[in-house]
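Notes follow the structure.
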Amino acid sequence: MNKAYIVLIFLLILAGIGLLVLPERDHPEEATPRELLSDLRNPSRFISTDRVAEMLIDKDPTLVLVDVRDMYDYLDFSLPGAHSIPLEEILLYYWVDSLSFEKSKVVLFSNSDIRAEQAWMLLQRQNHKNIHVMKGGLNQWFETIIRPTAPPETASDDEIDLYQFRKGASVYFTGGTAAIEQEIEGEAVTVTRRKKTQVVEGGC
Amino acid sequence: MKHPNLNFIAFVLTFIVVIVIGLLTLNWPDLRYARSLEETVEIVLLDEDLVYPEDLVMIVEYEEPGYVLLDLRSPYDYIKGHIKGAVNMPVNSILDKGNIELFKQYAKDSINVIMYGKDQLEANGPWMILKQMGYDNIQVLMGGYHYFTTGPLDIYDMPEVPAYLVEEPAYDFYGIMEEMGSADFAGGTDEAQTEVVIPTRRKKESVVEGGC
């Protein structure tokens, strides 16, 4: 056998041992700072309180609400069906299953959206892909869903529709006893015109 | 084999050269975290890097040394109006080479960098990224530019819970819910949710295309 080959084999084994000794990279699957920044610039992580209300009313099974405030706040008030994962526990391993469930839509919320976004950043570094933040948090929830303010009479139909939805949602979430004090007067009857369905039919 | 030694040395040399080239061309990330996730959680919970708007008023007014103000909004918003003495650095560019050098220089000179966006949220993410990379001298203005230009800044004329403390509950959640007559709203009603995966089936798009 060629002597050179023996030496080469020896060198390879040495390199292999060297690899064994090398320190293990602790979190090889982490997102880089640059990836974090580009995720941060993507506004689709935010989900509005209206959308959350809609999903709750529809009993959407894919919605996973996560309250990142501490236990006391959670026990005082939280959204229906929300899980409590305080920010200091967000990295604990036993949440990972419920957070990394692929088909689900995890929505983090706090009183505002700062804490929720901090939790989101941490999970983002762990490369979770389906995490969202409820824009405005519970303060916004109370402002828009529980106690919606009536739009001015000059408001567009969309705004009035939204207000009607919020009123309904408010009744839904407070147990159905909330009195509807004022109806919007002079609600314009809108003529909905059917859109023409254009099916392009080929011909000769 | 006339010169076994020469052959052998050439072999080993090429071998070593290949390994060295491999190591050099390895893709090392240029930006790395100095803090683990666990350390970051502790830092975040401390809330030590928040600057109160009324404190910033003093810093701006008396041009206190050792502070740099960074405006994270777009150049367009910056031109329309910014806090006196602030430098514009749009969020997209905070990890650019030149800016990283700048942050390193600030850290070396122990200058406090106060960042602000249109609200606190806009500066929160960049702050967390830089913090995780080990830049400790970075702070965030509470309430952001919006509060600084509109809200009350006089310490004697401040409501009990100023509007920039956004994480404070703005309402008595429990009280409102009770008043509105809801019986079961508390977090306690945590029924074990069975998560059902609904496979979404794509609808076939049948566009009838006429032909001859």
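Those protein sequence lines, which keep their order, are chains D and U.
Mapping to numbering that gives the first Met the number 0: the first sequence position 204 is 203, numbers consecutive.
Mapping to numbering that gives the first Met the number 0: the second sequence position 184 is 183, numbers consecutive.
Cβ atoms here follow ideal geometry from the backbone N, Cα and C, with glycine treated the same way.
- Close partners of E87(D) in chain U (Cβ separation under 7 Å): V40 and L44.
- Every beta strand (DSSP E) stretch that sits fully inside the segment 99 to 184 of chain D and reaches 3 residues is listed by chain position as 104 to 108 and 130 to 133.
- Residues are counted here when their Cβ sits less than 9 Å from a Cβ of chain U; for the segment 2 to 33 of chain D these are K2, A3, Y4, V6, L7, L10, L11, A14, D25, H26, E29, T31, P32 and R33, given in chain order.
- Taking 8 Å as the CB threshold, D75(D) lines the interface with chain U.
- Taking C-beta separations shorter than 6 Å and ignoring five residues to either side along the sequence, the partners of Y115(U) in its chain run A122, L140, G143 and Y144, following chain order.
- Membership of L45(U) in the alpha helix (DSSP H) is indicated by the continuous run L36 to L45.
- Rounded to whole angstroms, the gap between the alpha carbons of K107(U) and D135(U) is 11 Å.
- Proximity to L35(D) across I8(U), K130(U), V11(U) and E47(U) peaks at K130(U), based on C-alpha coordinates.
- Contacts with chain D (Cβ-Cβ distance below 8 Å) from the segment 159 to 182 of chain U involve V165, E166, E167, P168, A169, Y170, F172, Y173, I175, M176, M179, G180, S181 and A182, listed in chain order.
- Within chain D, Q117 and M120 have C-beta atoms less than 7 Å from the C-beta of M127(U), given in sequence order.
- By the neighbour-count definition (other C-beta atoms within 10 Å, threshold 16), E116(D) is a buried residue.
- Counting along the chain, V160(U) sits inside no alpha helix (DSSP H), nor does DSSP assign it H or E at all.
- In this structure, S103(D) is the residue among T48(D), S103(D), P150(D) and N1(D) with its C-alpha nearest to the C-alpha of D59(D).
- Beta-bridge partners of D70(U) (DSSP): N87(U) and Y115(U).
- Between the alpha carbons of L64(D) and F108(D) lies a distance of about 8 Å.
- Close partners of M132(U) in chain D (Cβ separation under 9 Å): P32.
- Per DSSP, S47(D) has no beta-bridge partner at all.
- Checking the DSSP bridge columns, you'll see D66(D) partnered with S83(D) and F108(D).
- Burial state of K134(D) is buried, judged by a 10 Å Cβ sphere holding 16 or more other Cβ atoms.
- A distance below 6 Å between beta-carbons, with the five flanking residues on each side excluded, links E29(D) to the following residues of its chain, in chain order: R124.
- Taking CB atoms only, I145(D) has a neighbour in chain U less than 8 Å away.
- Remark: C-beta atoms of L137(D) and D49(D) do not approach each other more closely than 8 Å.
- Across the segment 96 to 120 of chain U, CB contacts with chain D closer than 8 Å involve Q119 and L120, in sequence order along the chain.
- A distance below 7 Å between beta-carbons, with the five flanking residues on each side excluded, links D69(D) to the following residues of its chain, in chain order: P85.
- Per DSSP, reduced to three states, the secondary structure at L49(U) is strand.
- Within the model, the alpha-carbon separation for D48(U) versus E38(U) is close to 15 Å.
- Note that the C-beta distance between P147(D) and I159(D) is not below 8 Å.
- With a cutoff of 8 Å on beta-carbon distance, F147(U) and P74(U) are scored as not near each other.
- Rounded to the nearest whole angstrom, the CA to CA distance from L78(D) to Y105(U) is 43 Å.
- The DSSP-derived three-state label of L12(U) is helix.
- P168(U) is positioned such that its CB atom lies closer than 8 Å to that of N110(D).
- No Cβ of chain U is located within less than 8 Å of the beta carbon of D160(D).
- Interface flag for S111(D) against chain U is set, since a Cβ pair is found closer than 8 Å.
- G80(U) counts as exposed, since fewer than 16 other beta carbons sit within 10 angstroms of its beta carbon.
- 8 Å or more divides the Cβ of P32(D) from the Cβ of L23(U).
- Restricting attention to N126(D), A3(D) and I12(D), the CA atom closest to the CA of I8(U) is found in A3(D).
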